[in-house]
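Everything in the sequence shown is counted per full-length UniProt numbering, starting at 1 for the first residue and increasing by one.
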Amino acid sequence: MTLEDSASKELKWWAVPGQFLRQELLPVLTNLRLAIALLLLIAIFSSTGTVIEQGQSPAFYQANYPEHPALFGFLTWKVIQVVGLDHVYRTWWFLALLILFGTSLTACSFTRQLPALKAAQRWKYYEEPRQFQKLALSAELDTGSLDSLSQILQKRRYKIFPDQEKENLLYARKGIVGRIGPIIVHIGIVAILIGGIWGAMTGFLAQEMVASGDTFQVTNIVDAGPLAAPIPKDWSVRVNRFWIDYTPSGGIDQFYSDMSVLNKQGKEIDHKKIFVNEPLRYHGITFYQTDWGIAGVRVQFNNSPVFQLPMALLNTNGQGRIWGTWVPTKPDLSEGVSLLAKDLQGMVLIYDPTGKLVDTVRAGMSTQVNGVKLKILDIIGSTGLQIKADPGIPIVYSGFGLLMLGVVMSYFSHSQIWALQKGDRLYVGGKTNRAQVAFEQEVLEILDRLSSQPKGEEKEAAIEV
């Protein structure tokens, strides 16, 4: 064996992976049916993540998705937690689908879209009349000239490419941006996928229930990616006030939280009133108004100091939300009453230990209970906040922008026109990749203008040019 033979074999051995990628893997990745199947799977699992509550506690899924009876006969809390349907967007298999779909689009762009764009940028002149016969539209005229045709095409925003060596040849095109559009669409979709993956890996989701007037830091993380950055501890958030606007019928119209961001010294560095669909954003973390509750009640006995007692959400078996607390009326805690409230409108129900309704009072009013004057000063609300950090959002938004731009660009037709002047005969032909009817009308209008020009005018136009 010669040295050349051994080098050739070594070269062939190193070429095997490349040949496998080109001949076996690329045809699979660029298969349209694979891309459609992946897109459908992503859509199905995304909808699953929308329907099934994400990031809840195991007890929540055990209560809402019991084994007997199982939802749809198979969907139980065990299936949800084993498969990862409680955090769909961060499961390895969902991220793998996104990566595979993005790889398929990228491979399609390099193997199909980019070569199509390069082919559209290349052209050759037609030097023989028979070459025009293979075009979708072609005509032979005994009037008109290349100069007059050039003027007509320029007015219709065609870019002219005359032959520098032969003055009887012409090529014109417009709408090359339509060939770029699909590539931009693919780039936009891939950017959306990258942003989604990056957000799933580095973001986090937290939930906090904060009483009006309290200051807090984000601590109650319910879901976080494996690469999520530590939550900043050099600032905190204060809920200055929480309140609810009610409709005349007593229903909730909107609930609000007036919030301040504080630095380590307690100085306000940002401030905003938030409500549903109007969150507070600070340092990449977004605070959404999602829920409300009753944190406590402020009471006074006779002329005593003001006491703030916490209220807890009671189990009503789905009959509505009611908060309650127990208030002692004797120093030794031997007697007391229960206070119940269902909203922040100030109505408080007072029950004795036997469950009998003693009185109904509003905030600011007082009543006699067990020989004690009990005054209800205020009901303290609490705001339910969903706190989210998603570093991938800017990438996703940029991807959607590119996607919309690419879709608009794709609507432009790539139209091409060739012309040949041979003696007193003018050969004109063209083709387009879309909007065939509109292109036919345009070519007919161009031919009509050329045919309507007397030969004398053509010569004058040629002399002027």
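Think of the CB as a built atom: it goes at the ideal place given N, C-alpha and C, for glycine as much as any other residue. These figures come from a predicted structure and were not determined experimentally.
Secondary structure in the region 176 to 234: the alpha helix (DSSP H) runs of 4 residues or longer, each lying completely within the stretch, are 177 to 202 in chain order.
Excluding sequence positions up to five before and after I152, its CB lies within less than 6 Å of the CB of I446, R449, all in the same chain and listed in chain order. Around the Cβ of W418, a 10 Å sphere holds 16 or more other Cβ atoms; the residue is buried. For Q151, the enclosing alpha helix (DSSP H) stretches over residues 146 to 155. The residue from A224, R321, Q345, W198 with its alpha-carbon nearest to that of S249 is Q345. Annotation: T329 is outside any alpha helix (DSSP H) and is labelled neither H nor E by DSSP.
Within the model, the alpha-carbon separation for T50 versus V88 is close to 9 Å.
Annotation: N263 is outside any alpha helix (DSSP H); the continuous beta strand (DSSP E) that includes it extends over 252 to 263. Under the DSSP assignment, R173 falls in the beta strand (DSSP E) whose first and last residues are 169 to 174.
In this structure, the beta-carbon distance from L98 to L193 falls below 7 Å.
Relative to R157, the option among I176, L169, K166, V239 whose CA is nearest is I176.
In this structure, A229 sits away from N220, with a CB-CB distance that is not shorter than 7 Å. Bridge pairing for H283: absent [DSSP]. Scanning S338, T354, V361 for the CA closest to the CA of M347 turns up V361. Around the beta carbon of D253, fewer than 16 other beta carbons lie within 10 angstroms, which makes this residue exposed.
In this model, L117 and K78 are separated by some 51 Å (Cα to Cα).
Apart from sequence neighbours up to five positions away, the residues of its chain that approach A136 with a beta-carbon distance below 6 Å are K431, ordered along the chain. The continuous beta strand (DSSP E) containing K159 extends over residues 159 to 162. Taking a cut-off of 8 Å on C-beta distances, the region 51 to 62 does not touch the region 104 to 118, as fewer than three cross pairs fall below it.
The beta-bridge partner set that DSSP reports for Q416 consists of R173, K431. Inclusion of S257 and T383 in the CB contact set at 7 Å is warranted, their separation being smaller than that value. By the CB criterion at 7 Å, D359 and V337 fall outside the cutoff.
Counted as a single uninterrupted DSSP element, the alpha helix (DSSP H) harbouring D448 occupies residues 436 to 452. Distance from R173 to S398 at the Cβ level is roughly 30 Å; contact not present, criterion being Cβ atoms closer than 8 Å. In the DSSP assignment, K373 falls within the unbroken beta strand (DSSP E) covering 372 to 389. Inclusion of F287 and I380 in the CB contact set at 7 Å is not warranted, their separation being larger than that value. Contact between the region 421 to 436 and the region 229 to 239 is absent: fewer than 3 CB-CB pairs across the two stretches fall below 8 Å.
By the CB criterion at 7 Å, T111 and P391 fall outside the cutoff. Counting C-beta pairs closer than 8 Å gives fewer than three between the region 365 to 375 and the region 270 to 290, which falls short of the contact rule.
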